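Asks: One structure coming up, written as structure tokens, with questions to follow.
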Amino acid sequence: MTDKVLMRGTHVIAETAIRAGCRFYAGYPITPQNELAEYMSGAMLKTDEGTFIQAESEIAAVNMVIGASMAGARAMTSSSSPGISLKQEGISFLAAQELPAVIVNAMRGGPGLGNIAPTQGDYFQATRGGGHGDYRTIVLAPAKGQELADLTIKAFDYADHYRSPVIILIDGMMGQMMEPVLLPEPLQLSDLPFKDWILDGARRRPSRIIRSLILDPALEEEHNWKLYRKYENISRELQIAETYQTDDARLVVVAYGTAARIAKGAIKRVREIGLKVGLLRPLTLWPFPVKAMEEASRFVKEFLVYEMSTGQMVEDIRLALKHRSEVHFHGRPGGIVSTPDEIAKIITSLYYRRGLEEEPG
Amino acid sequence: MGYVFAVAAMKDGKNVTYLPSYGAEMRGGTANCTVAVSDDEIFSPVASTPDYAVIMNKPSLAKYENMMKSGGMLFINSSIIPQGLFRSDLAAVRIPANDIAREVGSDRVVNMIMLGAFTEKTRLTSLESIISSLQENVKAKSASVMKLNKKALYRGAEYVSRGNE
């Protein structure tokens with residue numbers, strides 16, 4: 006067994022991507038994710054056939070990823086909020102052409118240029134498609150060092166399996182923070198799933214065409230329904246959520262990524278003073294873990310959503326719960342990272358305000 | 292300093308998180324990092340109220356004294372921070388790190404003197420683990436750099452073990 010290493014989040018993603026067989030990375034610098042590209046620039050060159058490109062722009066980078074993916078490579082790009090906005094056209098094209106790719110977004114304060122502090126303001130952009138057209142992207146939300154590695158592997162697997170772009174949604178804190186990580190063994194390229202659709206030269210086989218221009222509305226409708234069926238499958242198969250101390254909980258906090266870690270710290274504190282509070286943490290933001298929410302709402306009537314935004318995921322939670330439970334919200338946008346103490350105070354005041362300390366009749 | 296400590300604690304088999312400050316920070320400002328060490332899973336890498344703080348300059352003392360947990364301990368570089376604490380519920384360990392560093396032979400090892408003192412006093416990890424962590428981090432550099440850092444660690448540890456603070 007290899008030893009754990011203390012690595013920053015961006016480096017964990019980059020190293021794991023290469024171990025997962027990623028052999029093409031293109032990006033354009035933006036804080037707070039530059040260390041990912043920096044790491045790639047060195048590590049990719051140590052592989053046999055890997056390519057690292059610092060592109061002339063974010064748009065160029067994502068279009069290079071489209072090309073690499075068409076040619077069969079496991080391909081990746083990364084950026085932060087304003088840069089991801091620029092990549093949205095390319096992500097729409099990836100979805101339309103059913104091309105696998107992994108896109109990392111280290112969210113920063115916004116809208117506009119905002120700042121470089123950690124936020125979760127890109128939830129809508131990530132989960133609702135972000136670019137134009139009738140499509141979805143798989144969105145993974147790691148919260149720990151080890152999860153960054155594990156979900157990066159899964160991101161490439163999901164991308165290939167569903168032939169879809171996958172977004173890994175982190176923030177500057179997840180990217181900068183170091184935690185001990187056990188890196189996975191590198192995969193051999195020959196072990197990766199065979200792709201029977203790539204453009205690798207039509208030697209002794211019929212030519213293949215990958216495009217998103219479908220002028221005939223009837224054919225475009227067919228294509229849209231085909232994508233829709235795929236998204237339905239993903240919605241059924243791919244919901245991932247973690248629960249913590251929800252068994253006896255009278256209040257469940259829902260949070261993802263950095264916010265979930267802080268919420269968990271807060272829950273540990275309020276448990277010490279006897280409050281029955283648990284955590285539900287989505288690891289997939291799309292598909293949203295509706296089943297886990299429904300399960301929790303069978304016993305819990307009060308939910309507190311904590312996001313580092315003015316409230317985006319809270320809409321999915323209200324949709325999932327269909328008004329069966331009360332949904333409260335606490336948000337800190339703009340790059341403010343709450344301390345566990347702050348969230349513990351929010352939880353405690355809500356707990357007593359809602360009369361949850363009384364034994365249910 | 293924080294990174295070397297975090298790696299040492301990891302080598303001891305502890306759970307650790309190392310969270311650097313990110314953003315603009317001027318020389319003489321309050322650049323900082325937060326290290327959490329635990330036998331259990333670490334939930335939040337953000338500390339509400341730190342148990343310990345190593346304070347390297349005056350602006351940092353002004354900023355972080357208020358954040359400390361009651362009963363917490365501050366390690367203060369007394370060479371450049373002459374003033375005492377406002378709070379009476381905190382313990383202060385005062386180390387003239389710049390002066391000791393000059394004796395050791397380099398102003399650049401001030402942090403290792405503080406880390407030596409911190410390790411000796413808190414026993415959150417051992418000097419042996421700190422040195423093995425340091426060894427990994429300076430492996431590209433010369434043996435003389437390692438020797439200088441080791442010396443600084445021991446001098447810092449020795450200073451507090453003699454009850455000088």
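Respectively, the protein sequence lines represent chains D and L.
Under this note's numbering, the letters of the first sequence match residues 6 to 366, in that order.
Under this note's numbering, the letters of the second sequence match residues 292 to 456, in that order.
Even for Gly, the Cβ is constructed at its ideal location relative to N, Cα and C.
From a predicted model like this one, the values you see are computed outputs, not experimental measurements.
(1) Given Ser312(L), which residues of its chain have a CB within under 7 Å of its CB, disregarding the five upstream and five downstream residues?
(2) At 9 Å on the CB atoms, spell out the chain D contacts of Leu310(L), in chain order.
(3) CB Pro37(D) to CB Ser85(D), shorter than 8 Å?
(4) So what does Thr308(L) bridge to, in DSSP terms?
(5) Could you tell me whether the stretch 72-87 of chain D touches the stretch 199-207 of chain D, where touching means 3 or more Cβ pairs closer than 8 Å?
(6) May I have a chain-ordered list of the beta strand (DSSP E) segments no shorter than 3 residues that lie completely inside the stretch 33-62 of chain D?
(7) Out of curiosity, what's the CA-to-CA distance linking Ala392(L) and Gly117(D)?
(8) Since Met437(L) meets chain D, which of its residues come closer than 7 Å, beta carbon to beta carbon?
(9) Could you confirm whether any beta carbon from chain D is found closer than 8 Å to the beta carbon of Val401(L)?
(10) State the CB to CB distance for the pair Ile245(D) and Thr315(D), rounded to an integer number of angstroms; the pair is presumed to be in contact (CB under 8 Å).
(11) Leaving out five residues before and five after His321(D) in sequence, what residues of the same chain have Cβ atoms less than 6 Å from its Cβ?
(12) Name the residue from Glu307(D), Leu256(D), Gly114(D) and Thr263(D) whose alpha carbon lies nearest to the alpha carbon of Arg276(D).
(13) For Val305(D), tell me which candidate among Ile18(D), Pro105(D), Tyr356(D) and Ala42(D) has the shortest Cα-Cα distance.
(14) Starting from Asn389(L), trace the alpha helix (DSSP H) both ways and give me its first and last residue.
(15) Which residues in chain L have a C-beta closer than 7 Å to the C-beta of Leu156(D)? List them in chain order.
(16) Is Trp230(D) helix, strand or coil by DSSP?
(17) Is any beta-carbon of chain L found at less than 8 Å from that of Met6(D)?
(18) Pairing CB atoms from the stretch 127-145 of chain D with CB atoms from the stretch 90-99 of chain D, are three or more of them under 8 Å?
(19) Whose Cβ in chain L lies nearer than 8 Å to the Cβ of Ile121(D)?
(20) Assuming Phe377(L) contacts Ile346(L) (C-beta within less than 8 Å), just tell me the rounded distance between them.
(21) Using the Cβ count rule (16 or more neighbours within 10 Å means buried), how would you classify Leu174(D)?
(22) Which chain L residues are close to Asp346(D), counting only those with a beta carbon under 9 Å from its beta carbon?
(23) Could you tell me the distance, in whole angstroms, from the CA atom of Met301(L) to the CA atom of Lys430(L)?
(24) Can you name, in chain order, every residue of its own chain whose Cβ lies under 6 Å from the Cβ of Thr308(L), other than the five neighbours on each side?
(25) Does the beta-carbon distance from Phe282(D) to Val310(D) come in below 8 Å?
(26) Any idea what DSSP makes of Pro185(D), helix, strand or coil?
(27) Quick check: the Cα distance between Val319(D) and Glu427(L), rounded to an integer number of angstroms?
(28) As a quick exercise: from Arg28(D), Met313(D), Val171(D) and Ser330(D), pick the residue whose alpha carbon is nearest that of Val145(D).
(29) With 16 as the cutoff for other CB atoms within 10 Å, does Ser416(L) come out buried or exposed?
(30) In this structure, how does DSSP classify His328(D) when only helix, strand and coil are distinguished?
(31) Is Ile267(D) close to chain L? Criterion is C-beta to C-beta, closer than 8 Å.
(32) Any idea which residues DSSP pairs Pro170(D) with across the strands?
(33) Closer than 8 Å, CB to CB, is Pro211(D) near chain L or not?
(34) Which of helix, strand or coil does DSSP assign to Gly407(L)?
(35) Is the shortest distance between the beta-carbon of Ser314(D) and the beta-carbons of chain L less than 8 Å?
(36) Using a Cβ cut-off of 8 Å, pull out every chain D residue sitting near Val429(L), in sequence order please.
Replies: In terms of the structure at hand:
(1) Ala322, Asn323 and Cys324
(2) Met178, Gln181, Met182 and Met183
(3) yes
(4) The beta-bridge partner set that DSSP reports for Thr308(L) consists of Ala327(L).
(5) Between the stretch 72-87 of chain D and the stretch 199-207 of chain D there are three or more inter-stretch CB-CB distances shorter than 8 Å, so the stretches are counted as touching.
(6) As summarised for the stretch 33-62 of chain D, the continuous beta strand (DSSP E) elements at least 3 residues long and confined to that stretch are 56-59, given in chain order.
(7) 47 Å
(8) Residues of chain D passing the Cβ test: none, with the nearest at roughly 19 Å.
(9) no
(10) That belief does not hold up - the Cβ atoms of Ile245(D) and Thr315(D) are roughly 25 Å apart, past 8 Å.
(11) Going by the sequence as given, residue 321(D) is Asp instead of His. Residues of the same chain with a CB within less than 6 Å of the CB of Asp321(D), apart from the 5 flanking positions on each side, are Phe293 in chain order.
(12) Leu256(D)
(13) Ranked by Cα distance from Val305(D), the options Ile18(D), Pro105(D), Tyr356(D) and Ala42(D) are led by Tyr356(D).
(14) Ala388 to Val395
(15) None at all; the shortest Cβ gap to chain L is about 18 Å.
(16) helix
(17) Reliability fails at Met6(D), whose pLDDT of 42 lies under 50, so the model's placement of it is uncertain and no value is given.
(18) Contact holds: three or more Cβ-Cβ distances are below 8 Å.
(19) Here the neighbours are Tyr313 and Gly314.
(20) The pair is not a contact, with the Cβ atoms about 13 Å apart (cut-off 8 Å).
(21) buried
(22) Ser339 and Thr340
(23) Taking the straight line from one Cα to the other gives about 18 Å.
(24) Ala327, Ile333 and Pro336
(25) Note that residue 282(D) is Val in the sequence shown, not Phe. Contact: no.
(26) strand
(27) Whole-angstrom Cα-Cα distance: 45 Å.
(28) First, the residue type needs correcting, since residue 145(D) is Leu and not Val in the sequence shown. Nearest option by C-alpha distance: Val171(D).
(29) Looking at the sequence itself, residue 416(L) is Thr, so the reference to Ser does not match. With 16 or more other Cβ atoms within 10 Å, it is buried.
(30) coil
(31) yes
(32) Under DSSP, Pro170(D) shares a beta bridge with Ala106(D).
(33) no
(34) helix
(35) no
(36) Result: empty, since nearest Cβ-Cβ is about 15 Å, beyond 8 Å.
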